[in-house]
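K.L.:
If you scroll down you'll find the structure; I have some questions about it.
Protein chains: 2
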Amino acid sequence: MFKNFDDRKRVRFINSLSGIKSANLIGTISSSGQTNLSIVSSAFHLGASPALLGIIIRPDISPRHTLENIRSTKVLTLNHVNENIYRNAHQTSARYKREVSEFEACSLTEEYLENFKAPFVKESHVKVALELSREVSIKENGTHMLILKILGVWIPKRIMNDDGYLNIEDTQAVCVSGLDTYHSIQKLERLPYAKP
Amino acid sequence: MFKNFDDRKRVRFINSLSGIKSANLIGTISSSGQTNLSIVSSAFHLGASPALLGIIIRPDISPRHTLENIRSTKVLTLNHVNENIYRNAHQTSARYKREVSEFEACSLTEEYLENFKAPFVKESHVKVALELSREVSIKENGTHMLILKILGVWIPKRIMNDDGYLNIEDTQAVCVSGLDTYHSIQKLERLPYAKP
């Protein structure tokens, strides 16, 4: 049904099909010290042992400086977007020039934690320090999957359950549908481990 | 901080870090006609041209029959989970034996659309027919990324905007945090294309 859609319509439509998406800000720094911030809705869990995340980066749109910085410094931060900052976060998707830091242009605050080289977003409540493990080229469309090692995590103590689950709803975490629509979440239920 | 967690705690914790996750049911059929249904929270958008989705499959847990079926028949369906069926969907994560269809065991209905070989979930409102394009091994942890071609889409007409965006919130779509916690979504705002 989407074969005859024009390009923009097709992009909006196909982006809606995978379902609800995470909203994260990726913080990086160039080898010359220029910071960069980019919203991504493509972060996903890859594994707990070793602790790994994946993100998909499309180099021909806004995160191109992000990808260059990750290749050069090997480090990045992932910062959950919340209800207070989703407009600022969305604004990082504009095509700023290389010499502009999206932190400043979008009114978000750089934060440096425990000598980790890449900048965190102070206004975020869940912050993850990541290191590039491997880049996988998706030759089908020229995108790149980055396999990322989780080096450290900063969260408010109050959101962590004794069993390890994080109540990210209590941080006013937001999610994305399609390219540009932001939603808050409301807990329905935590379900027990399923048995036949 | 998570290095000393026991295995189950670590799994719950690391699964919470990527943020809010999509909730989808993957429908497959074996070469001998046995159907299978498996919840995944790892589906992600890969690209619009060509129209591609990705999913991560961990063969050592419940979706192992799903992976075997996809390798053998090359086709699968992706079905959004909604508020009416999230408990049934979660139940598909139990380790059923190969001869059990999760459709029957979890009270969900097989549906076949336009001669597509793999079964859809009748109770889902957004249904996508997919074909395996390529399997990428994640050697870091033995998981597999499946690159999937979008062949067809079935949605209620009322949720499609003229510009291609799908109001998946109007289908009572749900999302997941961590391993086992389900949330409904509430629209905050659709934002315009960002410019510097």
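From first to last, the protein sequence lines stand for chains X and Y.
With the numbering used here applied, the first sequence covers 1 to 196.
With the numbering used here applied, the second sequence covers 197 to 392.
Ideal Cβ positions, reconstructed from N, Cα and C, are used throughout, including at glycine.
Is the separation between the beta-carbon of L272(Y) and that of T224(Y) shorter than 7 Å?
P.N.:
On the second sequence, position 76 is the one that residue 272(Y) refers to. On the second sequence, position 28 is the one that residue 224(Y) refers to. Cβ atoms of L272(Y) and T224(Y): closer than 7 Å.
K.L.:
Taking the DSSP output, what are the residues bridged to R354(Y)?
P.N.:
Your numbering for residue 354(Y) matches position 158 in the second sequence. The partner list for R354(Y) (beta bridge, DSSP) is empty, contrary to what the question assumes.
K.L.:
DSSP has E327(Y) in a bridge; who is on the other side?
P.N.:
The residue you call residue 327(Y) lines up with position 131 of the second sequence. Answer is V271(Y) and K345(Y), bridged to E327(Y).
K.L.:
Using the Cα positions of A52(X) and R330(Y), report the straight-line distance between them to the nearest angstrom.
P.N.:
Numbered from its first residue, the first sequence carries residue 52(X) at position 52. Numbered from its first residue, the second sequence carries residue 330(Y) at position 134. The residue you asked about is not Ala; residue 52(X) is Leu in the sequence shown. L52(X) and R330(Y): Cα-Cα distance of roughly 21 Å.
K.L.:
In this structure, how does DSSP classify A118(X) when only helix, strand and coil are distinguished?
P.N.:
Against the first sequence, residue 118(X) aligns to sequence position 118. Coil at A118(X), not helix or strand.
K.L.:
If contact means a Cβ-Cβ distance below 9 Å, which residues of the region 75-100 of chain X contact chain Y?
P.N.:
If the cut-off is 9 Å between Cβ atoms, the region 75-100 of chain X has L78, H80, V81, E83, Y86, R87, H90, Q91, T92, S93, A94, R95, Y96, K97 and V100 near chain Y.
K.L.:
The beta strand (DSSP E) with Y378(Y) in it runs from where to where?
P.N.:
For this step, residue 378(Y) is matched to residue 182 along the second sequence. Run containing Y378(Y): T377 to R386, per the beta strand (DSSP E) assignment.
K.L.:
Check this for me: beta carbons of G215(Y) and N24(X), under 7 Å apart or not?
P.N.:
Mapped onto the second sequence, residue 215(Y) falls at position 19. Mapped onto the first sequence, residue 24(X) falls at position 24. Their beta carbons are under 7 Å apart, which means G215(Y) touches N24(X) by this criterion.
K.L.:
On the CB-based measure, 16 or more other CB atoms within 10 Å of its CB, does S137(X) come out buried or exposed?
P.N.:
On the first sequence, residue 137(X) is found 137 positions in, with the first residue counted as 1. The residue is exposed, with fewer than 16 neighbouring Cβ atoms inside 10 Å.
K.L.:
Closer than 7 Å by beta-carbon distance: list the chain Y residues that pair up with N24(X), in chain order.
P.N.:
Position 24 of the first sequence, counting from 1, holds the residue named residue 24(X). Neighbours of N24(X) on chain Y, chain order: G215.
K.L.:
Starting from H379(Y), find everything on chain X with Cβ-Cβ shorter than 8 Å and list it in chain order.
P.N.:
By one-based count along the second sequence, residue 379(Y) stands at place 183. What H379(Y) touches in chain X: E169, I185, Q186, K187 and L188.
K.L.:
Quick one: residues in its chain with C-beta nearer than 7 Å to the C-beta of S107(X), no 5 flanking neighbours on either side, listed in chain order?
P.N.:
On the first sequence, residue 107(X) is found 107 positions in, with the first residue counted as 1. N88.
K.L.:
What number of angstroms, rounded off, separates the C-alpha of L132(X) from the C-alpha of N363(Y)?
P.N.:
As a working note, residue 132(X) is residue 132 in the first sequence. As a working note, residue 363(Y) is residue 167 in the second sequence. The alpha-carbon atoms of L132(X) and N363(Y) are separated by roughly 35 Å.
K.L.:
Just to confirm, are T288(Y) and I235(Y) a CB contact at a threshold of 7 Å?
P.N.:
In the second sequence, counting from the first residue as 1, residue 288(Y) sits at position 92. In the second sequence, counting from the first residue as 1, residue 235(Y) sits at position 39. Taking 7 Å as the Cβ cut-off, T288(Y) and I235(Y) qualify as a contacting pair.
K.L.:
Do you know how far the Cα of V176(X) is from the Cα of E123(X)?
P.N.:
Position 123 of the first sequence, counted from the first residue, corresponds to residue 123(X). Position 176 of the first sequence, counted from the first residue, corresponds to residue 176(X). Taking the straight line joining both Cα atoms gives about 18 Å.
K.L.:
Is it true that the CB of Y292(Y) sits closer than 7 Å to the CB of P59(X)?
P.N.:
Along the first sequence, read from residue 1 onward, the residue named residue 59(X) stands at position 59. Along the second sequence, read from residue 1 onward, the residue named residue 292(Y) stands at position 96. Not a contact, by the Cβ cut-off of 7 Å.
K.L.:
Comparing alpha-carbon positions, which option in L37(X), S42(X) and A129(X) lies nearest W154(X)?
P.N.:
Here residue 154(X) corresponds to residue number 154 of the first sequence, with the count starting at 1. Answer by Cα proximity: A129(X).
K.L.:
Closer than 9 Å, Cβ to any Cβ of chain B: which residues of the region 313-347 of chain Y, in chain order?
P.N.:
Note that chain B does not occur in the displayed structure, where the protein chains are X and Y.
K.L.:
I need the DSSP call for A43(X), collapsed to helix, strand or coil.
P.N.:
Here residue 43(X) refers to the residue found at position 43 of the first sequence. Of the three classes helix, strand and coil, the one that applies to A43(X) here is coil, per DSSP.
K.L.:
If I follow the unbroken beta strand (DSSP E) through N220(Y), where does it start and stop?
P.N.:
Counted from its first residue, the second sequence places residue 220(Y) at position 24. Note, N220(Y): beta strand (DSSP E), N220 to I225.
K.L.:
My assumption, with CB atoms under 8 Å, is that E310(Y) sits in contact with L188(X). Please give the rounded CB distance.
P.N.:
As a position in the second sequence, residue 310(Y) is number 114, starting the count at 1. As a position in the first sequence, residue 188(X) is number 188, starting the count at 1. No, E310(Y) and L188(X) are not in contact; Cβ-Cβ is about 32 Å, not under 8 Å.
K.L.:
Taking I381(Y) and H183(X) to be in contact with their CB atoms under 8 Å, please state how far apart those CB atoms are, rounded to whole angstroms.
P.N.:
Residue numbering aside, residue 381(Y) sits at position 185 when the second sequence is read from its first letter. Residue numbering aside, residue 183(X) sits at position 183 when the first sequence is read from its first letter. Contact flag correct, Cβ pair sits at about 4 Å.
K.L.:
Rounded to the nearest angstrom, how far is the Cβ of E102(X) from that of L37(X), given a contact under 8 Å?
P.N.:
For this step, residue 102(X) is matched to residue 102 along the first sequence. For this step, residue 37(X) is matched to residue 37 along the first sequence. Yes, they are in contact, since the Cβ atoms of E102(X) and L37(X) sit about 4 Å apart, within 8 Å.
K.L.:
Chain Y partners of V198(X), CB-CB under 7 Å?
P.N.:
One cannot answer for residue 198(X) here, as it falls past the ends of chain X, which runs 1 to 196.
K.L.:
Hey, how far is the Cα of M197(Y) from the Cα of L78(X)?
P.N.:
Locating residue 197(Y) in the second sequence gives position 1, counting from the first residue. Locating residue 78(X) in the first sequence gives position 78, counting from the first residue. Cα-Cα distance, rounded: 16 Å.
K.L.:
Taking its Cβ as the centre, do 16 or more other Cβ atoms sit within 10 Å of Y193(X), making it buried, or is it exposed?
P.N.:
As a first step, residue 193(X) is located in the first sequence; it is residue number 193 there, counting from the start. It is exposed - the Cβ of Y193(X) has fewer than 16 other Cβ atoms within 10 Å.
K.L.:
Thinking C-beta only, is R12(X) closer than 7 Å to D359(Y)?
P.N.:
One-based indexing of the second sequence puts residue 359(Y) at position 163. One-based indexing of the first sequence puts residue 12(X) at position 12. Yes; because the gap between Cβ atoms is below 7 Å, this pair is in contact.
K.L.:
I'd like to check one pair, R190(X) with D366(Y): are the Cβ atoms closer than 7 Å?
P.N.:
Along the second sequence, read from residue 1 onward, the residue named residue 366(Y) stands at position 170. Along the first sequence, read from residue 1 onward, the residue named residue 190(X) stands at position 190. Not a contact, by the Cβ cut-off of 7 Å.
K.L.:
Among all the DSSP beta bridges, which residues are the ones paired with S38(X)?
P.N.:
Translated into positions along the first sequence, residue 38(X) becomes position 38. In the DSSP output, where bridge partners are listed per residue, S38(X) has I26(X).
K.L.:
Since T262(Y) and K313(Y) should fall inside the 8 Å C-beta cutoff, what is the C-beta to C-beta distance between them, to a whole number of angstroms?
P.N.:
Indexing the second sequence from 1 puts residue 262(Y) at position 66. Indexing the second sequence from 1 puts residue 313(Y) at position 117. Not quite, the Cβ-Cβ distance comes to about 15 Å (not below 8 Å), so this is no contact.
K.L.:
Excluding sequence positions up to five away, which residues of its chain have a Cβ less than 7 Å from the Cβ of S227(Y)?
P.N.:
As a first step, residue 227(Y) is located in the second sequence; it is residue number 31 there, counting from the start. These residues qualify, in order along the chain: S268 and T269.
K.L.:
Round the Cβ separation of I253(Y) and H340(Y) to the nearest angstrom and send it over; I've been treating them as touching at under 8 Å.
P.N.:
Translated into the one-based positions of the second sequence, residue 253(Y) becomes position 57. Translated into the one-based positions of the second sequence, residue 340(Y) becomes position 144. Correct: roughly 5 Å between the Cβ atoms.
K.L.:
Rounded to whole angstroms, what's the CA-CA distance from V296(Y) to I266(Y)? Just pull it up for me.
P.N.:
In the second sequence, the residue the question calls residue 296(Y) occupies position 100. In the second sequence, the residue the question calls residue 266(Y) occupies position 70. In a straight line, the C-alpha of V296(Y) is about 17 Å away from that of I266(Y).
K.L.:
Applying a beta-carbon distance threshold of less than 7 Å, which residues of chain Y neighbour R10(X)?
P.N.:
Counting from 1 along the first sequence, the entry for residue 10(X) is found at position 10. By Cβ distance, chain Y contributes A244, S245 and G360.
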